[in-house]
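In UniProt numbering, the protein residues as written are 1 to 199.
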């Protein structure tokens, strides 16, 4: 047989082998990823049940948590194992402030590259109320303006009298304090004379 016949046959065999190896590795990766997520879920479930479990079920909850920890040690990532260690050193309970922070760090490490807000985790896992954003305070001026002085109250009896009536810039004669003419007839006479003989 010519070598031209063996080349396609060898290429087919190599392609089939590569496809088998790639499929096997992909299947193992999927299987390991599934076991890892299952271990994470079992451990978090055991931690959640430990806070409200009756004393009769306490031993079963601890057993489930121990089995889940073993699975995490086998299939978990390095970052998750470090976060799990820190959470166990805090007592593996979410009743204390350190335990809550350790639990949140563990969940963040489990999620990996998928980002999540810690406040959202506190609301979902610990049941805390979401914190409303506080309005920013107004900036303070370096020098506040001095308060305006109030004007003194002047009684009506001491107010300035209105100006006297004038004709061509000359005031009418008046013998009253309020500035009005003493006699309207005299005002008219003065007004007529002023018009007849302008200054």
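Even glycine gets a Cβ: it sits at the ideal position worked out from N, Cα and C.
For residue i, which three-state DSSP category applies?
| i | result |
| --- | --- |
| residue 54 | coil |
| residue 117 | coil |
| residue 93 | coil |
| residue 112 | coil |
| residue 59 | helix |
| residue 45 | helix |
| residue 29 | helix |
| residue 77 | coil |
| residue 23 | helix |
| residue 102 | helix |
| residue 167 | Confidence at residue 167 is low in this model, with a pLDDT of 49, below 50, so the placement of that residue should be treated as unreliable; the coordinate-derived value is given next. In the structure shown, residue 167 sits in a strand (DSSP, three-state: E or B). |
With a CB to CB cut of under 8 Å and the five nearest residues on each side skipped, what residues in its chain are close to residue i?
| i | result |
| --- | --- |
| residue 99 | 87, 90, 91, 92 and 93 |
| residue 76 | 36, 39, 40 and 84 |
| residue 121 | 104, 107 and 108 |
May I have the straight-line CA-CA distance separating residue i from residue j, to the nearest angstrom?
| i | j | result |
| --- | --- | --- |
| residue 83 | residue 65 | 15 Å |
| residue 110 | residue 31 | 17 Å |
| residue 45 | residue 96 | 18 Å |
| residue 126 | residue 29 | 32 Å |
| residue 19 | residue 4 | 23 Å |
| residue 54 | residue 25 | 44 Å |
| residue 62 | residue 21 | 40 Å |
| residue 70 | residue 57 | 20 Å |
| residue 124 | residue 112 | 18 Å |
| residue 73 | residue 11 | 42 Å |
| residue 49 | residue 116 | 23 Å |
| residue 114 | residue 78 | 17 Å |
| residue 42 | residue 17 | 37 Å |
| residue 51 | residue 27 | 37 Å |
| residue 34 | residue 23 | 16 Å |
CB-CB under 7 Å to residue i, same chain, minus the five flanking residues each way: which ones, in chain order?
| i | result |
| --- | --- |
| residue 15 | none |
| residue 184 | Note that residue 184 scores 46 on pLDDT, short of 50, meaning its location in the model is unreliable; the coordinates nonetheless yield the value given after this. Same-chain partners within the cutoff: there are none. |
For residue i, count neighbouring C-beta atoms within 10 Å of its own C-beta (all shown protein chains included) and say buried if the count is 16 or more, exposed if not.
| i | result |
| --- | --- |
| residue 7 | exposed |
| residue 60 | exposed |
| residue 102 | buried |
| residue 80 | buried |
| residue 202 | Past the boundaries of the shown model lies residue 202; the chain is included only from 1 to 199, so the question cannot be answered. |
| residue 47 | buried |
Skipping 5 residues on each side, what residues in its chain have a beta carbon closer than 6 Å to that of residue i?
| i | result |
| --- | --- |
| residue 158 | In this prediction, residue 158 has a pLDDT of 48, which is less than 50 and means its spatial position is unreliable; nothing more can be read from the coordinates. |
| residue 118 | 104 |
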